[in-house]
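Only one structure is covered here, and it is reproduced in the block below.
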Amino acid sequence: MFVAYSASITGWKHCKPLIVVDGTFLKGKYKGTLFVACAKDGNNGIFPLTFGVGDWENNLSWEWFMSRLKETFGNCNEVLCIISDRHQSIERAIYLVFKETAFHGVCTFHFKQNIKARFKKIGAGELFESAARA
Numbered sequence: 150m151f152v153a154y155s156a157s158i159t160g161w162k163h164c165k166p167l168i169v170v171d172g173t174f175l176k177g178k179y180k181g182t183l184f185v186a187c188a189k190d191g192n193n194g195i196f197p198l199t200f201g202v203g204d205w206e207n208n209l210s211w212e213w214f215m216s217r218l219k220e221t222f223g224n225c226n227e228v229l230c231i232i233s234d235r236h237q238s239i240e241r242a243i244y245l246v247f248k249e250t251a252f253h254g255v256c257t258f259h260f261k262q263n264i265k266a267r268f269k270k271i272g273a274g275e276l277f278e279s280a281a282r283a
C-alpha cells in the first residue's frame, strides 16, 4: 500500500529538493514495515510526502517504495538529496531508481550513534556532532 495525499503532491513544488526516508517495523495484529518520506518546506518545517506499508525492509521493498516515490514526486527540476540511515537497501534502491537524478546522504543522528558505539571511550560522538553543526 502506497499513500500520497493530494495536498502533499501539490505542495511538493514549494519544498526544498531534500527528502528524508525511513522505515520501521509494525507490531500487533498487522505485521510488516511502515515506509515514510518527508521533505523540508520553505520555512524549514517537516512536510509529509507519503507513506507505504510493505512486507519488510529489504532490497525489493525499498525499490518498490522508491519507484513509487519517484513516480509521484520525481518531477523535480533540481537534483534531489535523499537522507536516510545507513540501511544498505535504501542506498541501493536510491542508486537503482533515481540513478543520476538524486544522491544519498546519511542522517547525522544515526551516523553519530554509530560513532558513539564504536568509539565509546574517546567521546567521538560529541566531536562529530560539533563538526557536523559547524
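Here the working numbering is used: the first residue of the sequence shown is 150, the next is one more, and so on. Every residue, glycine too, gets a C-beta built ideally from N, C-alpha and C.
>> By the DSSP assignment, the beta strand (DSSP E) with F200 in it spans what residues?
In response: I195 to G203
> Which residues bound the alpha helix (DSSP H) around A156?
Replying inline: S155 to G160
>> If you measure between the beta carbons of D204 and G223, is that distance less than 7 Å?
In response: no
>> Please identify the residue among L276, Y179 and H236 whose C-alpha is closest to the C-alpha of N208.
In response: H236
> Which residue's Cα is closest to the Cα of N263: F200, A186 and F277?
Replying inline: F277
> Using the rule of at least 16 other Cβ atoms within 10 Å of the residue's Cβ for burial, across every protein chain shown, is S233 buried or exposed?
Replying inline: buried
>> Using only CA atoms, which one of F151, I195, T173 and G172 lies nearest to C164?
In response: I195
>> What does the alpha-carbon distance come out to for the pair F260 and I158?
In response: 30 Å
>> Here's the rule: buried if 16 or more other CB atoms are within 10 angstroms of the residue's CB, otherwise exposed. What is F258?
In response: exposed
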